[in-house]
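The letter at position 39 of the sequence shown is residue 39 when you use full-length UniProt numbering, and the numbering goes up by one with no holes.
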Amino acid sequence: MEKSLLIQLDATYVLNFMIYLQNLYLNEKLDDDNLKYPLMQSASPFIETFEEKFQGLWNELLVRLCEKESNDMEIFCNEKRLFYETLFERDTSKHFNEIYKAFSVWWRSLAGQFSVEHSVGDKAQNLYNDLSNGLKQSGRKPQKFLHITLIFDEYVIGKSVNIPYFLAVSIQDFWVNYKSLVPKLQESIN
Numbered sequence: 001m002e003k004s005l006l007i008q009l010d011a012t013y014v015l016n017f018m019i020y021l022q023n024l025y026l027n028e029k030l031d032d033d034n035l036k037y038p039l040m041q042s043a044s045p046f047i048e049t050f051e052e053k054f055q056g057l058w059n060e061l062l063v064r065l066c067e068k069e070s071n072d073m074e075i076f077c078n079e080k081r082l083f084y085e086t087l088f089e090r091d092t093s094k095h096f097n098e099i100y101k102a103f104s105v106w107w108r109s110l111a112g113q114f115s116v117e118h119s120v121g122d123k124a125q126n127l128y129n130d131l132s133n134g135l136k137q138s139g140r141k142p143q144k145f146l147h148i149t150l151i152f153d154e155y156v157i158g159k160s161v162n163i164p165y166f167l168a169v170s171i172q173d174f175w176v177n178y179k180s181l182v183p184k185l186q187e188s189i190n
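Listed below in structure tokens is the structure:
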């Protein structure tokens, strides 16, 4: 029996929390016309080497999520200190806990995870069709399902580790960068 393309599409807590932290960090450097969500009035106590540590943690999380899907909630709920100890100045746990709680409240609301997962709507079906047709034309057959985890904004601080059949894709990639998204996903499928 010929293997057909299967796609799993979700939005993880940990990667979206990382984007939330990235945007807080970037807002401290951006002018008012380019600010990102979320915006906090007080400066966040990030470590001096934030960008380097962020990229390392991002890639570690990608690998862990790829290895075991249930790692998402496990990491977010049980390893909360991982984010704090990797990205924040010491003795700023109160500020970190406020950020963590703000993200949690937003993510559990209809405006959070539900909206992110449903934001791609018909685009997800278009992506499936375009990807399937491209693979069929090239004679390539997927060996396992393609896991796409949606993130609410672009990952801009570093470069993601390349993991076959597993990609973090921003909503913007679906709506604005769609033409480059299909080839990017085709490359992921060996």
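Note that the Cβ used here is the ideal one computed from N, Cα and C, for glycine as well. If you're wondering where the values come from, they're calculated on a predicted model, not measured in any experiment.
A residue is called buried when at least 16 other Cβ atoms come within 10 angstroms of its Cβ; N23 meets this threshold and is buried.
Take the alpha-carbon of K68 and the one of I151: they are about 18 Å apart. Looking at the backbone, the Cα of K80 and that of L131 are separated by about 36 Å.
Judged by DSSP in its simplified three-state form, L167 adopts strand.
Taking the C-beta atoms as reference points, P142 is found no nearer than 7 Å to L9. L150: member of the beta strand (DSSP E) spanning L146 to I151, first to last residue. Here L21 is buried. Its C-beta has 16 or more other C-beta atoms within 10 Å.
Judged by pairs of C-beta atoms under 8 Å, the segment 38–58 touches the segment 83–96, as three or more such pairs exist. Excluding residues up to 5 positions away in sequence, K36 lie with their Cβ nearer than 7 Å to the Cβ of L26 in the same chain. The bridge partners DSSP lists for Q125 come to none. From the listed residues V156, F145 and E154, the smallest Cα separation to F166 is found for F145.
Distance between E48 and G56, taken at the CA atoms: about 15 Å. The continuous stretches of beta strand (DSSP E) do not include I19, which lies in the alpha helix (DSSP H) extending over residues Y13 to N27.
C-alpha of D153 to C-alpha of L61: approximately 17 Å in a straight line.
Taking 7 Å as the cut-off, the Cβ atoms of L15 and A168 count as close. Using a Cβ distance threshold of 7 Å, A11 and E98 do not count as a contacting pair. Straight across, the Cα-Cα distance linking F50 with T92 is about 15 Å. If you look at I99, you'll find it in the alpha helix (DSSP H) that goes S93 to R108.
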